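Peer 1: In this note's numbering, the protein residues as written are 428 to 626.
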Amino acid sequence: MGADCPADCQQLKLFFPRLSPGRADVETGTRQMQSVERLTRSAKETFEVARQLGGELAGGEVLALVGDLGAGKTTFTRGLVCGTGCEEYMRVNSPTYVLEQVYQGRIPVRHYDAYRLDSPYELEDLGFQEALSTEAVLVVEWADRVQSLLPADSLLLELSFARSDEGEEGPGNARLLRFSSADGSWERRLAGLRCRADN
Numbered sequence: 428m429g430a431d432c433p434a435d436c437q438q439l440k441l442f443f444p445r446l447s448p449g450r451a452d453v454e455t456g457t458r459q460m461q462s463v464e465r466l467t468r469s470a471k472e473t474f475e476v477a478r479q480l481g482g483e484l485a486g487g488e489v490l491a492l493v494g495d496l497g498a499g500k501t502t503f504t505r506g507l508v509c510g511t512g513c514e515e516y517m518r519v520n521s522p523t524y525v526l527e528q529v530y531q532g533r534i535p536v537r538h539y540d541a542y543r544l545d546s547p548y549e550l551e552d553l554g555f556q557e558a559l560s561t562e563a564v565l566v567v568e569w570a571d572r573v574q575s576l577l578p579a580d581s582l583l584l585e586l587s588f589a590r591s592d593e594g595e596e597g598p599g600n601a602r603l604l605r606f607s608s609a610d611g612s613w614e615r616r617l618a619g620l621r622c623r624a625d626n
């Protein structure tokens, strides 16, 4: 990490492992993925990382979010929507009961929640496949439940509870964000988060 990187930015770990058969890392199908990790200490920091990433999106991307209840998937989505220029980002909430919400900023964001789905086909009934061919950014919470519908170049974000500065693990504010993708074009956009967080 560069010496001029903000102190809490030192928590971001970038590593892009070489593609090699047999390496144990996050995979989608048989494709090795590139990973970026970021440790955030508050919901505000999680929001800020997402806001920065939202500013890097051009439209047509798919983000697949996974993590336990309360891990921060909706907070991240709220920040992402803010980063796309949507002034109504504060109304972003989990679309569990309506399954889909659409937010209009510089580019549209379609926010899906697969938590209550019995089958991936229910997401197809919402027009998910058609949405893949639009300029909208698609954000899917509980994406592990509809993995078969996700394109290979999706950005996977795994959110998990992390140890706080006091070393306590549990439902505190610290979160580990682990970004992965088989699409190398994410590398530049994720690397751009490294030294701009919490400025």
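Yeah, the Cβ is synthetic: ideal placement off N, Cα and C, and Gly gets one too. Just so we're clear, the structure is a prediction, and the values are computed from it rather than from any experiment.
Hey, how far is the Cα of Leu507 from the Cα of Arg465?
Peer 2: When rounded, the distance between both Cα atoms is 15 Å.
Peer 1: Put Ser575 into one of helix, strand or coil per three-state DSSP.
Peer 2: Ser575 falls in the helix class under three-state DSSP.
Peer 1: Taking the alpha carbon of Ala570 as the point to measure from, which residue in Arg478, Leu550, Ala589 has its own alpha carbon closest?
Peer 2: Ala570 has its Cα closest to that of Leu550, out of Arg478, Leu550, Ala589.
Peer 1: What number of angstroms, rounded off, separates the C-alpha of Arg505 from the C-alpha of Ala477?
Peer 2: Near 8 Å, if we compare the C-alpha coordinates of Ala477 and Arg505.
Peer 1: Secondary structure at Val566, three-state DSSP: helix, strand or coil?
Peer 2: Strand, per DSSP.
Peer 1: Have a look at Val567, Leu492, Gly494 and flag the residue whose alpha-carbon is nearest the alpha-carbon of Val529.
Peer 2: Among Val567, Leu492, Gly494, the Cα nearest to that of Val529 is on Val567.
Peer 1: Considering Tyr542, what are the terminal residues of the beta strand (DSSP E) in which it resides?
Peer 2: Here Tyr542 belongs to no beta strand (DSSP E), and DSSP marks it neither H nor E.
Peer 1: Using only the alpha-carbon positions, how far apart do Val525 and Leu553 sit?
Peer 2: C-alpha separation (whole angstroms): 10 Å.
Peer 1: By the 10 Å Cβ neighbour count, where 16 or more other Cβ atoms means buried, how is Gly481 classified, buried or exposed?
Peer 2: When all chains shown are included, Gly481 counts as buried.
Peer 1: Quick check for students: name the residue ranges of the beta strand (DSSP E) that lie wholly in the region 480-522, counting only runs of 3 or more.
Peer 2: You should have 489-494.
Peer 1: Is it buried or exposed, Asp495, if we count other Cβ atoms within 10 angstroms and call 16 or more buried?
Peer 2: Classification for Asp495: exposed.
Peer 1: Among residues of its own chain, excluding the 5 on either side of Glu483, which ones have a beta-carbon nearer than 7 Å to its beta-carbon?
Peer 2: Excluding sequence neighbours, Glu483 sits near Arg616, Gly619.
Peer 1: Can you tell me whether DSSP reads Ala451 as helix, strand or coil?
Peer 2: At Ala451, the pLDDT of 34 sits below 50, so the modelled position is not reliable; the number obtained from the coordinates is stated separately. Ala451 falls in the coil class under three-state DSSP.
Peer 1: In this structure, how does DSSP classify Thr473 when only helix, strand and coil are distinguished?
Peer 2: Correct three-state label for Thr473: helix.
Peer 1: The alpha helix (DSSP H) that contains Tyr548, what's its start and end?
Peer 2: First-last of the alpha helix (DSSP H) with Tyr548: 547-552.
Peer 1: Report back the beta-carbon spacing between Gly510 and Gln479 to the nearest angstrom; my notes put them in contact at under 8 Å.
Peer 2: Confirmed, Cβ separation roughly 6 Å.
Peer 1: Can you give the Cα-Cα distance for Leu603 and Tyr542, rounded to whole angstroms?
Peer 2: If you take the alpha carbons of Leu603 and Tyr542, they lie about 21 Å apart.
Peer 1: With burial defined as no fewer than 16 other Cβ atoms inside 10 Å of the residue's Cβ, what is the status of Arg518: buried or exposed?
Peer 2: That one is exposed.
Peer 1: So if DSSP puts Thr467 in a beta bridge, which residue, or which two residues, is it bridged to?
Peer 2: Bridge partners of Thr467: Arg602.
Peer 1: On the CB-based measure, 16 or more other CB atoms within 10 Å of its CB, does Arg394 come out buried or exposed?
Peer 2: Limits of the chain in this structure are 428 at one end and 626 at the other, which puts residue 394 out of reach.
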